[in-house]
Amino acid sequence: MKKIKRSGHIGILTSGGDTPGLNAAIRGLGKSAASDGSLQVIGFRDGFRGMMENRSERLDNKMLSGILTLGGTILGTSRDKPHKMPMGGKTVDMTDVIVENYYKNHLDVLVCLGGGGTLKNAYRLSQHGLNIITLPKTIDNDIMGTDVTFGFDTALGIATDAIDRLHSTASSHHRIIIVEIMGHRVGWLALGAGLAGGADAILLPEIPYTIDKLAESILERVSRGKRFSIVAVAEGAITREGANKIRAIEKKMDDAEDEQRSALKKQLKELDAEYRGSTIKMAEELQKITGLETRVTILGHLQRGGTPSAADRLLATRLGTSAIEYIKNEQFGVMVAVDGERTKPVPLEDVVGKVNYVPPDHPWVICARNLETSFGD
Ligand code: F6P
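No gaps in the numbering here: position 101 of the sequence shown is 100 in numbering that gives the first Met the number 0, and each next residue is one more.
Written out as structure tokens, the structure reads:
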């Protein structure tokens, strides 16, 4: 096979919500490239928007130094998509400009650090002929094809610490405390932190709950002399009623014509808004049914902030350095996935648009059920 002449220029950007470990990955990739001597890394600011505006700079040793332990991303990030870029009050397809800037910078490859949304955008760019590699980052751990994503471990630690702290105040006041945990549409964080923190009930998007079953489990605790309860609820948790309604619309969508589909999509959005993330409403109902004083703590972006854990630093560094090996081997159009102690290249088309949900019979779920943790089902 004839080798194509390469420039040795590697573009890198971080896109989507920030995640602890992003800087460790940038550093791993940058230092590993520098050790080769023939490779140069160009960082684009603020995700695809910065690439569209050609805001970039060379990631030299000075920029890569001292960032291993830093939270956030030194490159900045945004949720802007190449094909739907907000521009002066309108949404414009700027894919061609991004492709043009790829060539202007003489890139051999663009490395995109991101979650599910970034994967989709990166895949689209690969369909436009660009060499793409992605790294799986998100606190949600919702990417298929990889054992885990970086950022998850740090967020898990923060959420677990929060549950630990909430225990003493819940116990002192004999209250129910509901702690809302991020995770978008999946329940890995709530499940992991709920188990590690010893929550009495865990509500996940994958296991729809009813408020009556949840109340029942709390009242049962009361009957055993337990005067407080901690409920770990994933932000995407949903009631059985909501889940059934959503499933019915999704079924209709399968055989709907294009016109009907957009109306159904709108209905789905409305149902989502009504039934998901309604932790405060849930707390009010729970208080009413149980007669127990109930409080809510929403952890929100605290879970994404600050220093990455040792496990995330290690993982992100491994993924960053692996990316350079893939680049040297000209393995493009892939995600650098975690496979035990190794990494493996997973074709983007195999994972794009897929979501790594918690299987309802996952060992962590079984473990929690063995502890008599309620899932409200
Ligand atoms: O995907 C990471 C995540 O933190 C989700 O857990 C959460 O739903 C979302 O991002 C929040 O997004 P934003 O930072 O844009 O509010």
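Glycine residues also receive a C-beta, built at the ideal position from the N, C-alpha and C atoms.
Does the separation of the CB atoms of residue i and residue j fall below 7 Å?
i    : j    : result
L218 : T278 : no
N140 : W187 : yes
T296 : I175 : no
T137 : T153 : no
V230 : A255 : no
V357 : E205 : yes
T13  : T90  : no
R303 : D17  : yes
L202 : V232 : yes
A351 : Y101 : The sequence shown places Val at residue 351, not Ala. In this structure, Y101 does not lie closer than 7 Å to V351 by Cβ.
T159 : G196 : yes
T94  : L118 : no
I142 : N355 : yes
G75  : D311 : no
G156 : S308 : yes
V108 : I326 : yes
R223 : H173 : no
Determine the closest residue to residue i out of the options, with distance taken between C-alpha atoms.
i    : options                   : result
T316 : T13, G10, G29 and P359    : G29
S6   : E234, T18, S170 and I41   : I41
A169 : V185, D146 and A198       : A198
H127 : G156, I157 and V96        : V96
A23  : R44, G65 and G88          : G65
L291 : R220, K264, Q266 and Q259 : R220
K264 : E273, E249 and G276       : E249
V335 : A262, H105, I131 and L63  : I131
L69  : G305, K353 and E371       : G305
P207 : G15, D376, L318 and I11   : D376
H183 : A236, E215 and R226       : A236
Q266 : D253, G276 and K244       : K244
Q330 : G144, M62, S125 and L63   : S125
L129 : D257, E99, D163 and S373  : E99
V337 : N328, D349, L318 and L106 : L318
L63  : S34, P85, P81 and K83     : S34
Going by the DSSP bridge assignment, what does residue i pair with across the sheet?
i    : result
A233 : I180
E343 : Here the sequence assigns Lys to residue 343, which means Glu is not the residue at that position. Per DSSP, A336.
L202 : V232
Q39  : H8
I131 : L109
E56  : G42
T145 : T145 is not bridged to any residue.
Y208 : T238
T18  : None, per the DSSP bridge assignment.
I297 : E179
T13  : L112
K136 : F149
Starting from the C-beta of residue i, find all residues in its chain whose C-beta is less than 8 Å away, skip the five residues before and the five after it, and write them out in chain order.
i    : result
Q39  : G7, H8, I9, A32 and R57
I210 : T238, M281, E284, L285, I288 and G375
N104 : H8, G10, I41, N53 and S55
E273 : G241
S321 : V335 and T342
K212 : S373, G375 and D376
Identify, in the order they occur along the chain, each residue of the same chain with its Cβ nearer than 6 Å to the Cβ of residue i, setting aside the five sequence neighbours on each side.
i    : result
V364 : none
L314 : F149
M0   : Note that M0 scores a pLDDT of 45, beneath 50, so its modelled location is shaky; the value from the coordinates is reported in the next line. Taken in chain order, the list of residues that qualify is empty.
E371 : none
Leaving out five residues before and five after residue i in sequence, what residues of the same chain have Cβ atoms less than 7 Å from its Cβ?
i    : result
V333 : I132, Y325, P344, V345, P346 and L347
Quiz item: Counting pairs of Cβ atoms below 8 Å between the region 342-360 and the region 49-61, do you hit three or more?
Solution: no
Quiz item: So does the region 58-65 actually touch the region 19-35, counting three or more Cβ pairs closer than 8 Å?
Solution: yes
Quiz item: At a cut of 8 Å, does the region 105-123 reach the region 263-283 through at least three beta carbon pairs?
Solution: no
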